[in-house]
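Those sequence lines, one after another, are chains Z and Y. Taking the UniProt record's numbering, the leading residue of the first sequence gets 1, the next gets one more, and so forth. Taking the UniProt record's numbering, the leading residue of the second sequence gets 1, the next gets one more, and so forth. Take a look at the structure set out below.
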Amino acid sequence: MNQAIRNTWAVVVALFLILLLAVSIIQVVAADALKNNDFNSRQLYQEFGAPRGPILVDGEPIAESVESSDDFNYQRVYHDGPLYSGLTGFYSLTFGATGLEEKMNRYLAGTSDGQFIDRVVELFSGTPMEGAQVELTIDPQMQQVAYDALPAGVQASAVITDPATGRILAMASRPSYDTNLLATHSGTRARANMEELQGLPGLSPYINRPTQTLAAPGSTFKLIDTVAMLESGEYAPDQMVPLPSRIILPNSNTPLGNFAAGLCNQHSQQTLEWIFAQSCNTPFAEAAMELGQDRIRTTAENFGFNQSLEIPLSVSASRFPEDLDDAALAQSSIGQRDVAATALQMNMVAAAIANDGTLMKPQLIDTIRGADLTTLEEPQPEVYKNSTSPEVAEQMTQMMKQVVQSGTAWQARSDQVEIAAKTGTAQLDPESGKVNSWITGFAPADDPQVAVTLVYQNTDYEDGHMMTSANMKRIVEAVVEQ
Amino acid sequence: MPQVISPARPRRTTELVLLLLALGIGLGAHLLSAIGMDREVTAEYWIQTGVLAIMALLFHLVLRLKARYADPYILPIAVTLNGLGIAMIHRLDLESGDNAADRQLLWTVVAMGAALVVLWFLRDHRLLRRRTYLFLIAAGLLLVLPLIPGLGMEINGARIWINLGVGSFQPGEVAKIMLAIFFAGYLSANRDLILLAGKKVGPVTFPRFRDMAPLVIAWIISMGVLVFQRDLGSAILFFGLFMAMIYLATSRVSWIILGLALVGVGGLIAINTISHVGLRVSAWLNAFDPEVYNRTGGSFQIVQGLFGLASGGLLGTGLGEGRPDIVAYANSDMIVASFGEELGFVGLAAIIMLLLLLVTRMMRAALGTRDTFGKLLAAGLAFTMALQCFVVIGGVTMVIPLTGLTTPFMAAGGSSLLANWIVVALVLLVSQAARRPVVVGPMVNASGTGSGHQDRSEPTSLPAPTTPGGER
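In structure tokens, the structure reads:
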């Protein structure tokens with residue numbers, strides 16, 4: 001019987017050796033693979049278990065981690081969620097992170113190179129380290145004014161920047177949502193909220209509309225055409241230009257006309273300045289075909305088209321395509337067909353003109369400070385592109401003033417401040433009559449402090465036209481008062 | 001049967017030193033987890049360790065008085081595991097706001113108290129052999145209890161608990177011991193009949209049915225009850241106990257192979273016909289399949305346990321520094337993953353080695369004792385405990401499908417604790433018989449083939465030994 005006991009013991013030892021082997025495989029051999037498994041949320045748990053740095057606007061947190069009593073020690077809380085949702089994005093256990101929460105994660109979570117010393121201290125002291133604070137260039141009052149210019153129910157963006165530095169002072173969009181809905185730790189609630197939000201027309205919690213939605217820029221693209229025309233030396237603002245009421249696009253039967261309700265069709269020729277102010281189509285189409293697509297494209301690219309950016313939010317590349325035939329070029333030159341731009345891109349066009357032809361790199365981050373308030377990073381203003389010459393910029397400014405004085409943006413005329421701007425209406429669908437309504441410009445015209453861009457997407461012509469100019473005026477007046 | 005003859009030594013002082021070390025480990029784990037979690041060391045920490053220490057030292061004292069030749073390693077190992085378990089359960093309580101550690105401590109007192117009662121009043125395990133059928137009836141009654149409406153409780157689909165009013169109890173754990181006593185008693189008495197009076201069919205000799213009938217009936221009843229209660233883990237344990245006992249008594253490997261083959265066939269049928277068994281197996285085979293991972297009763301729990309183990313790595317996060325609370329049942333079924341996360345491979349391997357050492361000492365007691373009943377009882381209980389470790393740790397580490405069983409002494413759960421401490425008491429009595437100086441009468445062959453049978457006729461307590469011949 002003792003032999004049977006010994007044999008049984010041998011079996012027991014074999015069983016335990018199998019266990020040791022299995023444990024060593026899981027904990028040592030396959031540990032890294034398991035840590036990186038898609039299902040493994042422990043990284044998140046670790047991040048959620050530590051105080052994440054706040055995102056600040058004018059010193060006040062718009063996103064911060066507060067202690068919570070649930071499984072995770074901290075809950076991400078957003079103040080004024082709808083006002084800043086596009087910028088902050090969300091920080092969700094269920095859906096990961098988007099927006100600045102994603103882009104600045106290394107700093108907020110405290111894993112950036114600059115916070116190495118802090119991590120070593122944490123290792124020895126045992127107290128969880130706090131993430132860095134990210135202060136934005138946003139001005140809270142301007143952000144509010146910009147957001148208020150976008151009524152509920154529209155799909156719209158508003159961008160305000162400082163042309164001299166590239167600092168983004170406001171960047172708001174509609175539809176918006178309360179980011180706290182997705183930051184909840186309850187997976188069930190987060191999923192239900194996400195489903196509800198994605199059911200709202202035009203809302204995607206994953207994108208920031210002003211930098212990631214491409215829309216046909218309509219007549220605001222004539223800013224590019226006009227710069228190209230002036231740069232070519234073949235045109236001047238006071239030069240008389242033929243003004244046919246319609247042209248037939250080359251190799252087609254498609255007519256391209258002017259806006260029927262405007263003043264354009266009452267003249268057979270006019271100065272470039274007048275045509276620009278009234279936003280007639282035909283002279284720009286003809287000029288674009290004459291100058292050629294390469295010239296237009298080069299000018300567009302000088303202002304930032306066809307190039308994506310990280311500010312550090314992702315900015316989609318606005319599009320002016322290659323290999324256009326003349327018909328496509330003609331339609332593209334008035335901001336239709338293949339051309340598409342972000343709100344920030346059209347803001348950059350206005351800002352470069354305001355800043356004597358020099359385009360500053362758009363910046364959203366003011367400073368990044370460690371938990372002990374030492375500065376980790378402080379981005380300086382940076383020249384992005386030399387878009388055009390100061391002379392052309394000055395001519396453009398004068399022409400844009402006329403747009404407000406006596407042109408399509410007359411509703412933006414203000415007693416308090418002189419505004420330079422360009423409107424745009426891009427037809428989306430002739431059937432429904434839906435348009436993208438744009439305005440981009442700057443003020444004060446002679447000493448530009450802000451470049452402002454508004455776009456209402458997929459709206460009725462009348463509504464859009466009313467909102468762009470009136471809200472431009474409202475925003476600029478509010479900014480100047482401030 | 002080669003025997004190592006060495007002078008009988010009580011070695012109680014060795015036990016005391018090891019016991020202090022064991023309590024030190026428990027206290028250390030407790031305090032380290034408090035530091036790791038940045039918690040104040042409250043009176044609770046000292047009370048929990050203090051109560052365990054009092055019980056452990058009392059146990060030691062009773063052994064000195066009643067079984068001074070008992071194995072000196074079993075008690076310290078059990079106390080180490082029990083102390084580590086309480087420390088981890090308390091640490092997890094702080095995350096969840098539960099008070100499972102207090103309940104565990106209370107059950108530890110009850111379990112060790114029950115073990116002391118067994119030690120004090122039983123004094124010799126051979127007394128159990130006189131009432132073999134009584135234990136069979138008791139085991140049967142205990143197993144049926146959870147099926148009685150109003151008394152039984154169903155938790156997570158398994159109906160294996162009874163409601164005691166103050167808490168739940170799993171009678172199957174105690175029934176396991178009683179069944180082991182019955183098997184050991186019956187087999188030690190009828191072993192020769194089973195072995196010799198058989199029919200040879202081909203290469204295998206089968207025992208007469210009437211010799212095996214009580215065993216088979218006991219086994220079928222218990223398995224049947226477990227099927228009704230849908231308790232896969234206990235079914236594996238009961239089957240393992242049955243097979244091990246038969247092998248230990250008869251040394252017939254062919255019967256074991258036959259039994260395993262039958263189980264293989266039965267298992268395949270169960271996987272394909274009983275839904276929850278099939279689910280468990282597919283959660284084991286396709287743990288990382290998103291569909292299996294996300295469904296109710298899928299692989300979520302086990303995969304979370306694997307992530308916990310992986311995040312522990314070689315050296316662990318340190319007590320109180322990990323997040324074992326993320327895993328469901330972190331303080332009971334999955335406590336191995338909790339330890340693996342915070343103590344790392346090194347710590348978990350140490351715990352597994354401690355469990356192996358415990359089982360080995362139990363087997364050693366079986367090897368040393370002279371009576372067949374004691375041998376069968378100790379070895380059977382030892383193998384069952386080893387199998388339980390394998391099923392639960394193997395389940396957590398994906399060696400086999402996960403079934404709901406508790407890690408001996410560590411996992412939160414009173415019934416398991418009570419059962420395991422009673423097992424310790426019984427095995428200590430067997431080891432006392434094994435190691436105590438043997439009495440060799442003129443007609444008795446104390447060492448050598450067949451010694452166990454002659455021992456049966458001896459009185460159970462005799463005056464002072466004449467010849468030292470015990471084993472260590």
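Note that the Cβ used here is the ideal one computed from N, Cα and C, for glycine as well. Given the structure is predicted, the values throughout are model-derived calculations rather than measurements.
Is residue i close to chain Y? Criterion is C-beta to C-beta, closer than 7 Å.
i: Gln-449(Z); result: no
i: Ala-31(Z); result: yes
i: Leu-15(Z); result: yes
i: Met-1(Z); result: yes
i: Leu-200(Z); result: no
i: Leu-34(Z); result: yes
Within 7 Å of any Cβ in chain Z, is that where the Cβ of residue i sits?
i: Val-399(Y); result: yes
i: Gly-198(Y); result: no
i: Met-1(Y); result: Unreliable positioning characterises Met-1(Y) in this predicted model, as indicated by a pLDDT of 46, which lies under 50. The coordinate reading is nonetheless provided below. Met-1(Y) counts as touching chain Z.
i: Met-363(Y); result: yes
i: Lys-375(Y); result: yes
i: Ser-251(Y); result: yes
i: Val-263(Y); result: no
i: Ile-352(Y); result: yes
Reducing DSSP to helix, strand and coil, say where residue i ends up.
i: Asn-302(Z); result: helix
i: Thr-179(Z); result: coil
i: Asn-251(Z); result: coil
i: Pro-207(Y); result: strand
i: Ile-365(Z); result: strand
i: Ala-445(Z); result: coil
i: Ile-439(Z); result: strand
i: Thr-273(Y); result: helix
i: Glu-471(Y); result: Any reading at Glu-471(Y) must be qualified, since the residue scores a pLDDT of 43, below 50, and its modelled position is unreliable; no value is offered.
i: Asn-258(Z); result: coil
i: Val-154(Z); result: coil
i: Phe-90(Z); result: coil
i: Glu-458(Y); result: Any reading at Glu-458(Y) is ruled out, since the residue's pLDDT is 45, under 50, leaving its predicted position unreliable.
i: Thr-374(Z); result: coil
Going straight from the alpha carbon of residue i to that of residue j, what length do you get?
i: Asn-265(Z); j: Ile-334(Z); result: 17 Å
i: Tyr-329(Y); j: Ile-335(Y); result: 7 Å
i: Pro-362(Z); j: Leu-348(Y); result: 54 Å
i: Leu-359(Z); j: Asp-294(Z); result: 21 Å
i: Ala-419(Y); j: Asp-289(Y); result: 38 Å
i: Gly-185(Y); j: Leu-128(Y); result: 8 Å
i: Tyr-69(Y); j: Thr-14(Y); result: 12 Å
i: Tyr-147(Z); j: Arg-191(Z); result: 27 Å
i: Met-398(Y); j: Leu-105(Y); result: 30 Å
i: Glu-458(Y); j: Leu-376(Y); result: Residue placement at Glu-458(Y) is poorly supported in this model, since its pLDDT is 45, which falls under 50; the coordinates are not used for a value here.
i: Phe-307(Y); j: Ile-217(Y); result: 43 Å
i: Val-145(Z); j: Ile-475(Z); result: 6 Å
i: Asp-326(Z); j: Leu-291(Z); result: 11 Å
i: Ile-257(Y); j: Phe-339(Y); result: 35 Å
i: Arg-76(Z); j: Ser-92(Z); result: 8 Å
I'd like the list of long-range same chain contacts for residue i, defined as Cβ closer than 6 Å, with 5 residues on each side in sequence excluded.
i: Met-153(Y); result: Trp-161, Asn-163, Ser-168
i: Lys-434(Z); result: Leu-428, Asn-458
i: Ala-478(Z); result: Val-145
Which bits of chain Y does residue i rub up against, with CB to CB less than 7 Å?
i: Tyr-45(Z); result: Arg-323, Ile-326
i: Ser-24(Z); result: Phe-345
Closer than 9 Å by beta-carbon distance: list the chain Z residues that pair up with residue i, in chain order.
i: Tyr-247(Y); result: Ala-4, Asn-7, Thr-8
If the cut is a Cβ gap below 7 Å, which residues of chain Z does residue i touch?
i: Phe-383(Y); result: Thr-8, Val-12
i: Val-359(Y); result: Val-12
i: Val-303(Y); result: Phe-39
i: Thr-372(Y); result: Met-1
Which residues in chain Y have a C-beta closer than 8 Å to the C-beta of residue i? List them in chain order.
i: Gln-27(Z); result: Leu-309, Ala-310, Gly-312, Gly-313, Leu-314, Gly-340, Gly-344, Phe-345, Leu-348
i: Ile-18(Z); result: Phe-390, Gly-394, Val-399
In its own chain, which residues sit with a C-beta less than 8 Å from the C-beta of residue i, not counting the 5 before and 5 after it?
i: Met-472(Z); result: Ala-409, Ala-412, Ile-419, Ala-421, Ile-439, Gly-441, Val-452, Leu-454
Please go through the same chain and pick out, in chain order, the residues whose beta-carbon is closer than 7 Å to the beta-carbon of residue i, but skip the five residues on each side of it.
i: Ile-271(Y); result: Val-277, Gly-278, Val-281
Can you name the residues of chain Z whose CB is closer than 8 Å to the CB of residue i?
i: Tyr-293(Y); result: Phe-39
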